[in-house]
Amino acid sequence: MAAEEESNSRAPCLNFSSPGPLGNAQSSNNAHSSPATNEGSAGATGGAPRTAGHSNPQPGPDRGGGTDVRVENSPNRQHTTPQSAGQSATAARAPTVAGGASGAATNMTASSVESPNIPSSLPSSPASAAVLVYREPVYNWQATKNTVKERFAFLFNNEVLSDVHFLVGKGMGVQRIPAHRFALAVGSAVFDAMFNGGMATTSTEIELPDVEPAAFLALLKFLYSDEVQIGPETVMTTLYTAKKYAVPALEAHCVEFLKKNLRADNAFMLLTQARLFDEPQLASLCLENIDKNTVDALAAEGFTDIDLDTLVAVLERDTLGVREVRLFGAAVRWAEAETQRQQYQPTPENKRKVLGKALVLIRFPLMTIEEFAAGPAQSGILSDQEVVSLFLHFTVNPKPHVEFIDRPRCCLRGKECSITRFGQVESRWGYSGTSDCIRFSVNRRIFVVGFGLYGSIHGPTDYQVNIQVIHTDSNTVLGQNDTGFSCDGSSNTFRVMFKEPVEILPSVNYIACATLKGPDSHYGTKGMRKVTHEAPATGTKTCFTFCYAAGNNNGTSVEDGQIPEVIFYT
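Numbers 1 to 570, taken from UniProt numbering, label the letters of the sequence shown in order.
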């Protein structure tokens, strides 16, 4: 009963015990299999167990079903007992070879004991001695295998001709898997070095505690037959095993499988694994998927399981398609899970501690003051000084310096583009609180992310500025940012960006508006009514048409003034 309870408590593992071709039963891979009893042996069908050693039967007049040989286990030795007097000679010609020497292997069922050693824990009384029945293999199995591939595929996970065994896995999940040194060395430089290198092993049993049995069998299946057997549950462990044993072709199959099954709900999990296994192409695809489906990816269960470095890699991106307040909420969820993993109390101080360098990558200045006040300001994660400085950033000019990035995240992929509408730069353009405006339209859909503005003629200076894009017909403000910029006194333009991209539709009129507060600046002249940008890679043309905006525009027009550049994505 104790043995039965132990067997029932074991974790299930893959079973490769179905009968093989030509009556050769596939080996049982469970290293903990119990010896068959007399009764169990008598009732077995489809081939009986075989020993760990190999028999070399001689051709006889009757090879039809094979010859049964019964082996009784005792604490000190094995007794080979012929099934009948007529079988004694055959049994005598079938010695076992310790250590798995090459030769035709005997057959086994799923309940056989692979190891030739009797476990010391087994009872030694005659009543409980185990009796194993062995069946010699069918002679000349090679004749039915027409190709080298078929013959090698037949040897996969098969004791026939095997000369090495692997104990794969840990604990009760260990499986004992037969293999062939030549086949492994041909397919893997690591196995070649293991068996044939300067420090080659002479052991016939090799322990692999860091490898999953299912993944190792998938590797062997590929090496023996070129067949790929991977699934959602085994692909990552198979990828690890393929890398460990330097089988790049199987690595490529695993990565391709992951690409095909990449979704928003598993993107973060696969990103972590891609970084762990140094698969930059897969990591890049995961990041692109997260960019496109940021909200869904952050909501997935696997997000809170990622490591800190992966979280940092994502928060550093400028292309996430999500509002910053939702990104902060996701970071707090991750911090709660991480405090549990590190066995901390989920206090605000500990959440800040586990977030570490990830906290400063959250762009609090991109939030609205209402979003900040309702969430981060009350979370306890930010210090009092950080909360005060951010409130001042939202409400006063000039804006105080904050430790957090205020560069907008553009949820657009591709290359940033810009056009310049002036041909020459002149000096002295004054400001009195009136907005500089210019009306424009485009021939194709784009996203405006900011403007280039002229700076001071009096050396390095800071400006406060409010930029807007207004829909002309409805007078609706589509995007704005109340911010500032620093200039160096040169005639260059200086970037001022929106918090979020502003969608611009073709053949619709919009007004670009900038209200500056600061000293006299440079300005542009020799303005152009039409400016065309051509994408170097595709040749796609984006044509801007500029017109005078009605009202007091501080003098800015098509011919001269401010707002010399429009920065956009197509």
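Quick reminder that beta carbons are idealized off the backbone N, C-alpha and C, glycines included.
Under the three-state reduction of DSSP, G524 is assigned to strand. Here the alpha carbons of I362 and F328 stand approximately 7 Å from one another. Between the alpha carbons of G198 and D192 lies a gap of roughly 11 Å. When Cβ pairs closer than 8 Å are counted between the two stretches, the region 198 to 209 is seen not to touch the region 225 to 233, the count staying below three.
Shown here for T147: not one same chain residue has a beta carbon closer than 8 Å to its own, the five before and five after excluded. The secondary-structure analysis by DSSP pairs T237 with nothing; it has no beta-bridge partner.
Per DSSP, W334 is not a residue of any beta strand (DSSP E); the alpha helix (DSSP H) it occupies stretches across E324 to R341. The Cβ atoms of Q468 and G518 do not sit closer than 9 Å to each other. A Cβ-Cβ contact shorter than 9 Å links V164 with P178. Taking the C-beta atoms as reference points, R275 is found nearer than 9 Å to T310.
Listed in chain order, the non-local C-beta contacts of V502 below 8 Å within the same chain comprise F447, V448, V449, V469, L478 and G479, local neighbours out to five positions each way being set aside.
Between the region 323 to 337 and the region 267 to 285 there are fewer than three C-beta pairs closer than 8 Å, too few to call the two in contact. Within the region 432 to 491, the complete beta strand (DSSP E) segments at least 3 residues long are 436 to 442, 446 to 454, 461 to 471 and 476 to 487, listed from N- to C-terminus. The three-state secondary structure of Q142, taken from DSSP, is helix. Proximity of the region 220 to 228 to the region 180 to 190 meets the contact definition, three or more beta-carbon pairs being nearer than 8 Å. Counted as a single uninterrupted DSSP element, the stretch harbouring H533 is not any alpha helix (DSSP H) but the beta strand (DSSP E) occupying residues K530 to E534. Looking at the backbone, the Cα of L359 and that of S441 are separated by about 40 Å. Shown here, A514 sits in a strand according to DSSP, grouped into three states.
At the C-beta level, R421 and F544 come within 9 Å of one another.
In chain order, V442, N443, R444 and R445 place their CB closer than 7 Å to the CB of P506, counting only its own chain and leaving out the 5 sequence neighbours on each side. Relative to the Cα of E316, the nearest Cα in the group T339, A337, I290 and Q340 belongs to I290. According to the DSSP assignment, H253 belongs to the alpha helix (DSSP H) that extends over P248 to K260. Secondary structure of Y569 (DSSP, three-state): strand. With fewer than 16 other CB atoms across the displayed protein chains lying within 10 angstroms of its CB, A143 is exposed.
For G187, no beta strand (DSSP E) run applies; the uninterrupted alpha helix (DSSP H) run containing it begins and ends at R181 to G187, by DSSP. Going by DSSP, R495 is part of the beta strand (DSSP E) stretching over T493 to I504.
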